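Asks: There's a structure below that I have some questions on.
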Amino acid sequence: MALEMRDTCERCEVSLAVDGPAFICSFECSFCADCTGAMAATCPNCSGELVPRPRRKT
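Under our numbering, the first residue of the sequence shown is numbered 4, with each subsequent residue one higher.
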């Protein structure tokens, strides 16, 4: 099962490039680097840890 590579930050709605930096929790909530920093790398939805999202080779 592949991760859902969401294309926008759930907090500020900035575009997230598939090959760019993004952060994700275990429920696939996705955030940009700025929002992740502002939230102390904690998902506001599940309180889980936000970690760098893996990148797919194109």
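Ideal Cβ placement from N, Cα and C applies to all residues, glycine included.
All values reported here derive from a predicted model rather than from experimental measurement.
Exposed or buried, what is Thr127 when buried is set at 16 or more other beta-carbons lying within 10 Å of its beta-carbon?
Replies: Residue numbering for the chain in the displayed model covers 4 to 61; residue 127 lies beyond these limits and cannot be assessed.
Asks: If we count the other Cβ atoms within 10 Å of its Cβ and call it buried at 16 or more, is Cys46 buried or exposed?
Replies: The residue is buried, with at least 16 neighbouring Cβ atoms inside 10 Å.
Asks: Looking at C-alpha atoms only, which residue of Asp22, Arg59 and Ala5 is the closest neighbour of Glu31?
Replies: The residue with the shortest Cα to Cα distance from Glu31 is Ala5.
Asks: Between which two residues does the alpha helix (DSSP H) containing Asp37 stretch?
Replies: Ala36 to Ala41 is the span of the alpha helix (DSSP H), which, as asked, contains Asp37.
Asks: Are Val17 and Arg59 close, meaning C-beta to C-beta below 8 Å?
Replies: No.
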